[in-house]
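S.K.: Residue numbers (my numbering), protein chains in the order written: chain V, 1414 to 1865; chain L, 1414 to 1865.
We put the CB at the ideal spot given by N, CA and C, even for glycine.
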């Protein structure tokens, strides 16, 4: 077969699943095309550290094409998929290009779900992208800045109240990190209020934190959070989110900053496939991760709804599962491309659970590895080690390590930069920024006369 | 005098001038209030390295209140000034607050000037803020990404053409850095074009590069730039800037990316003062940096138009001059606050020119210190050393150094992240992103069929 007829493997999404699939095809006789609408792979497990100023965006994001610089059979396109035609084996990009494929691997991840209340998104951003994390960082830092200039006690309380909705690993890690930001890092930077006294409220609809962990780990996480001062509310339902606060189980909590880490939502690419979806909007796939009726179309990672062929348990939406699925489907494709028409029958996907962990602030964590459960400093050191190892191949490892070391040794955060709200290309005209009535808000600047 | 009657020194702007003034008042019997609409001090001389992916934003930006953490008489507000009443000794913030002062130090810097063509700003962003640099970085990286997916030769040329308008230090440094980005760092990441062949055109209306340097240095800079492949056009007038290109001295140059580093513009705060302005819109100040008729109102740094009392030469708009003015007016204020009514008469400001330098790509620079002129590697090492020393007190020095070391040793850039164009708070609906007619732009994805 002439080289120009090598099958084209189209991988949509440069997350953990897509990258793993492309890397596992390095020696296969195929052309790999990775399409992503971002130019970077995002190390999502550390996103909450960007949101809380420990790391900067470029510490956890890596140009996708850089990752494949030395893998000659990979071609990277920075583009967005508009529609997929499984029968015609082609997809259309939003720029109008039509891209044919022989195999398709859909690995585009999941979005946030607001359970039918998408209007909440503007008040309570999710934690999925770099832009999300930067926006949340800006809001957190802005709230502290506003508190420094505030004279009204009720408004001051709202500035210094932070609500995190959803107590999976992201919510737990974020709540702990926000509390520590106030306690350790910035308390001495403000003169007019006590940043260490900022309220951080973690709201969870279920009966315990970290529902995917064991009850012991949930308990350990809750104790650790409460010890550093986070208010934990389980069995608490969010009934409304609005500009300035949130309603939780009948109580109105006024808070400038609300973050959403509660629901994982469907990716529209999954819907566009026309395949069966589960309740969370994920694509129900065959045991080999393919779409029913289209054996050359695979869905992996957070987009896929599948049960482990060994345990019968649903495969969780975590990075290791996505990477394992990527490697798994790459194996199928490599075998079929190497022996067209004579490949061995496809196996069913088995998920190898290598454990899970979540950090709670400085030097505390919970970890579950096989039957092992541990928490506290040993779990945190394990967490640190594993995340550094996982950053292998990404040059920033040294910089990330130094950022961490610095943040932990000095109790300060290096990336406390508010961006984006002052888009001054040219000198902006003066005037009232937000259109509020100055007279209404006018307060004599008594604070300058008082003790600073 | 009771402590609550200590004079209030209001400093507007947390740039080099404002920070120097506040620091120099550490031991003065005054209350210092620093007001800035950003929460961070920006190390502007390295902004071009953010625009070209060498450094990340948080490497060169530092929370202002962090700088004054241990200086008890400084109070930092993150707010914007709406108007100033010199006679009433108060200013109004855009949030409606009114702030009285005994001394005012205006150090709010300058903006970009488009010489009456503000509509060019959207096509050719300036290089003043972190947001500017991030936008330019996004455009540069986006142009390379677009080139990788391009089939039309003319469009490809426009993607790979970068025009820098204005050849002061910022323009010279930026042009060299863009060229090096293509040559050294990313050439191997793209499969369908030669990034090293990207055109970088530096346009200067004057007769030579670096007009504030000596002709020898201008010549050395031009030779160094041309040696690495930058096209230099002096005596070239920009007559139009539009979406997709620029008209230069009668020639139309199609380019996705145009950056403006040509003009420094008035700050509206200067206009708001009602004082005399010079042709660039800077406030003409008295020899002691005060505003005529208002001895308690000072204007310093890029906002001020002043001549050195020793040489009679105009003081240039550079960071060292701003810092010297800040220290100078702080000295006046400290003396008058310490001996009310009995302070020595004010002196006139003298500028001590400690030299200037500009880098041209990797390991090349021009420097002028006193009568000394040097260029090449020695100048570059001096540049590196001085900038590291100037970052003193900002903890990121180690990280910045490692980022540089990494970038220079490995020939790659660590911060090549495109952000901002995908503000996906929730999963976005599919569809055509830019409203172009897909049919019109539709091209069969021939590139996937060809050699990758």
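At which residue ranges does the region 1521 to 1555 of chain V contain complete alpha helix (DSSP H) runs of 4 or more residues, listed in the order of the chain?
M.R.: none
S.K.: Is the CB of residue 1559(V) under 9 Å away from at least one CB in chain L?
M.R.: As a working mapping, residue 1559(V) is identified with position 146 in the first chain. Chain L contact via Cβ: present.
S.K.: Quick one: what does DSSP say residue 1765(L) is sitting in, helix, strand or coil?
M.R.: Taking the second chain and counting its residues from 1, the one referred to as residue 1765(L) is at position 352. Reduced to three states, the DSSP call for residue 1765(L) is coil.
S.K.: Taking the alpha helix (DSSP H) that residue 1740(L) belongs to, which residues open and close that run?
M.R.: Locating residue 1740(L) in the second chain gives position 327, where the first residue counts as 1. Run containing residue 1740(L): 1732 to 1751, per the alpha helix (DSSP H) assignment.
S.K.: Between the Cα of residue 1874(L) and those of 1721(L), 1684(L), 1420(L) and 1781(L), spot the shortest distance and give me the residue it belongs to.
M.R.: The requested residue 1874(L) does not occur in the structure, where chain L is confined to residues 1414 to 1865.
S.K.: Report the partner residues of residue 1888(V) according to the DSSP bridge assignment.
M.R.: For residue 1888(V) there is no data in the structure shown, the boundaries of chain V being 1414 and 1865.
S.K.: Among all the DSSP beta bridges, which residues are the ones paired with residue 1802(V)?
M.R.: Taking the first residue of the first chain as 1, we reach residue 1802(V) at position 389. DSSP lists no partner for residue 1802(V).
S.K.: Report yes or no: do three or more beta-carbon pairs, one from the region 1447 to 1458 of chain L and one from the region 1419 to 1427 of chain L, lie closer than 8 Å?
M.R.: yes
S.K.: Rounding to the nearest angstrom, what Cα-Cα distance links residue 1690(V) and residue 1531(V) in this structure?
M.R.: Taking the first residue of the first chain as 1, we reach residue 1690(V) at position 277. Taking the first residue of the first chain as 1, we reach residue 1531(V) at position 118. When only Cα atoms are considered, residue 1690(V) and residue 1531(V) end up about 20 Å apart.
S.K.: DSSP beta-bridge partners for residue 1490(V)?
M.R.: Here residue 1490(V) refers to the residue found at position 77 of the first chain. Beta-bridge pairing links residue 1490(V) to 1448(V).
S.K.: From the DSSP output, in three-state form, read off residue 1658(L) for me.
M.R.: Your numbering for residue 1658(L) matches position 245 in the second chain. If DSSP states are grouped into helix, strand and coil, residue 1658(L) belongs with the strands.
S.K.: Under a three-way DSSP split, which group does residue 1846(L) fall into?
M.R.: Looking up residue 1846(L) in the second chain gives position 433. The predicted position of residue 1846(L) is uncertain, since its pLDDT is 31 and thus under 50; a value taken from the coordinates is nonetheless stated next. Looking at residue 1846(L) - three-state DSSP - the assignment turns out to be coil, as it is neither helix nor strand.
S.K.: Any beta-carbon of chain V closer than 9 Å to the one on residue 1842(L)?
M.R.: In the second chain, the residue the question calls residue 1842(L) occupies position 429. With a pLDDT of 28 at residue 1842(L), under the threshold of 50, the modelled position of that residue is not reliable, and no figure is offered here.
S.K.: Can you check whether the C-beta of residue 1775(V) is within less than 9 Å of a C-beta belonging to chain L?
M.R.: Numbered from its first residue, the first chain carries residue 1775(V) at position 362. So no, residue 1775(V) is outside the interface.
S.K.: Tell me where the alpha helix (DSSP H) around residue 1621(V) begins and ends.
M.R.: For the purposes of this step, residue 1621(V) is taken as residue 208 along the first chain, with counting starting at 1. Segment: none, residue 1621(V) is in no alpha helix (DSSP H) and carries neither H nor E.
S.K.: Compute the distance between the beta-carbons of residue 1712(L) and residue 1520(L), then report whether it is under 9 Å.
M.R.: Numbered from 1 along the second chain, position 299 holds the residue referred to as residue 1712(L). Numbered from 1 along the second chain, position 107 holds the residue referred to as residue 1520(L). In contact: residue 1712(L) and residue 1520(L) (Cβ atoms closer than 9 Å).
S.K.: As an exercise, report each continuous alpha helix (DSSP H) stretch of at least 4 residues that is fully enclosed by the region 1452 to 1517 of chain L, in chain order.
M.R.: 1460 to 1464 and 1477 to 1480
S.K.: Take every Cβ of the region 1677 to 1688 of chain L, pair it with every Cβ of the region 1701 to 1718 of chain L, and state whether three or more of those distances are shorter than 8 Å.
M.R.: By the Cβ criterion, the region 1677 to 1688 of chain L is in contact with the region 1701 to 1718 of chain L, since at least three pairs of Cβ atoms, one from each stretch, lie closer than 8 Å.
S.K.: Using the Cα positions of residue 1486(V) and residue 1791(V), report the straight-line distance between them to the nearest angstrom.
M.R.: For the purposes of this step, residue 1486(V) is taken as residue 73 along the first chain, with counting starting at 1. For the purposes of this step, residue 1791(V) is taken as residue 378 along the first chain, with counting starting at 1. About 42 Å.
S.K.: Starting from residue 1788(L), trace the beta strand (DSSP E) in both directions and tell me its first and last residue.
M.R.: For the purposes of this step, residue 1788(L) is taken as the residue at position 375 of the second chain. Taken as a continuous stretch (DSSP letters only), the beta strand (DSSP E) holding residue 1788(L) covers 1785 to 1788.
S.K.: At the level of alpha carbons, what is the spacing between residue 1430(V) and residue 1786(V)?
M.R.: As a working note, residue 1430(V) is residue 17 in the first chain. As a working note, residue 1786(V) is residue 373 in the first chain. Looking at the two C-alpha atoms, the distance is approximately 27 Å.
S.K.: Are at least three pairs of beta-carbons, each pair with one atom in the region 1574 to 1582 of chain L and one in the region 1482 to 1496 of chain L, less than 8 Å apart?
M.R.: By the Cβ criterion, the region 1574 to 1582 of chain L is not in contact with the region 1482 to 1496 of chain L, since fewer than three pairs of Cβ atoms, one from each stretch, lie closer than 8 Å.
S.K.: In chain order, what residues of the same chain lie with their CB nearer than 8 Å to the CB of residue 1639(V), ignoring the 5 residues before and after it?
M.R.: Locating residue 1639(V) in the first chain gives position 226, where the first residue counts as 1. So the list reads 1645, once near-sequence residues are dropped.
S.K.: Touch check for the region 1738 to 1753 of chain V and the region 1765 to 1779 of chain V: three-plus C-beta pairs under 8 Å?
M.R.: Short answer: they don't touch.
S.K.: Name the DSSP bridge partner or partners of residue 1780(V)?
M.R.: Locating residue 1780(V) in the first chain gives position 367, counting from the first residue. Beta-bridge pairing links residue 1780(V) to 1770(V) and 1787(V).
S.K.: Should the region 1511 to 1518 of chain V be regarded as contacting the region 1472 to 1482 of chain V, the criterion being three or more beta carbon pairs within less than 8 Å?
M.R.: no
S.K.: Between residue 1528(V) and the rest of its own chain, which residues show a CB-CB distance below 7 Å, the 5 nearest in sequence each way excluded?
M.R.: Looking up residue 1528(V) in the first chain gives position 115. Within the same chain, residue 1528(V) has close Cβ partners 1676.
S.K.: In three-state DSSP terms, what is residue 1591(V)?
M.R.: Locating residue 1591(V) in the first chain gives position 178, where the first residue counts as 1. DSSP places residue 1591(V) in helix when its eight states are reduced to three.
S.K.: In three-state terms, what does DSSP make of residue 1638(L)?
M.R.: Walking along the second chain from the start, residue 1638(L) turns up at place 225. Helix.
S.K.: Can you say whether residue 1836(L) is buried or exposed, counting buried as having 16 or more other CB atoms within 10 angstroms of its CB?
M.R.: Sequence index remark: in the second chain, residue 1836(L) carries index 423 (1-based). Its pLDDT being 31, under 50, residue 1836(L) is placed unreliably in this model, and the coordinates cannot settle the point.
S.K.: Let me see if you follow: with CB-CB separation under 9 Å, is residue 1584(V) close to chain L or not?
M.R.: Mapped onto the first chain, residue 1584(V) falls at position 171. Not closer than 9 Å to any Cβ of chain L, the Cβ of residue 1584(V) fails to qualify, so no.
S.K.: Less than 9 Å between CB atoms is the rule here; does residue 1457(V) satisfy it with respect to chain L?
M.R.: The residue you call residue 1457(V) lines up with position 44 of the first chain. Chain L, which has no Cβ nearer than 9 Å to the Cβ of residue 1457(V), makes this no.
S.K.: Report yes or no: is there a C-beta of chain L within less than 9 Å of the C-beta of residue 1594(V)?
M.R.: Working through the first chain from its first residue, we reach residue 1594(V) at position 181. Closer than 9 Å: no.
S.K.: What do you get for residue 1421(V), buried or exposed, if any count of 16 or more other CB atoms within 10 angstroms of its CB means buried?
M.R.: On the first chain, position 8 is the one that residue 1421(V) refers to. With 16 or more other Cβ atoms within 10 Å, it is buried.
S.K.: Quick one, which residues of the region 1481 to 1495 of chain V are near chain L if we go by CB-CB under 7 Å, in chain order?
M.R.: For the region 1481 to 1495 of chain V, which is checked against every Cβ of chain L, the residues closer than 7 Å are 1482, 1488, 1490, 1491, 1492, 1493 and 1495.
S.K.: Which one of 1502(V), 1509(V), 1513(V) and 1541(V) has the shortest CA to CA distance from residue 1474(V)?
M.R.: What you label residue 1474(V) is simply residue 61 of the first chain in a count that begins at 1. The shortest Cα separation from residue 1474(V) among 1502(V), 1509(V), 1513(V) and 1541(V) belongs to 1541(V).
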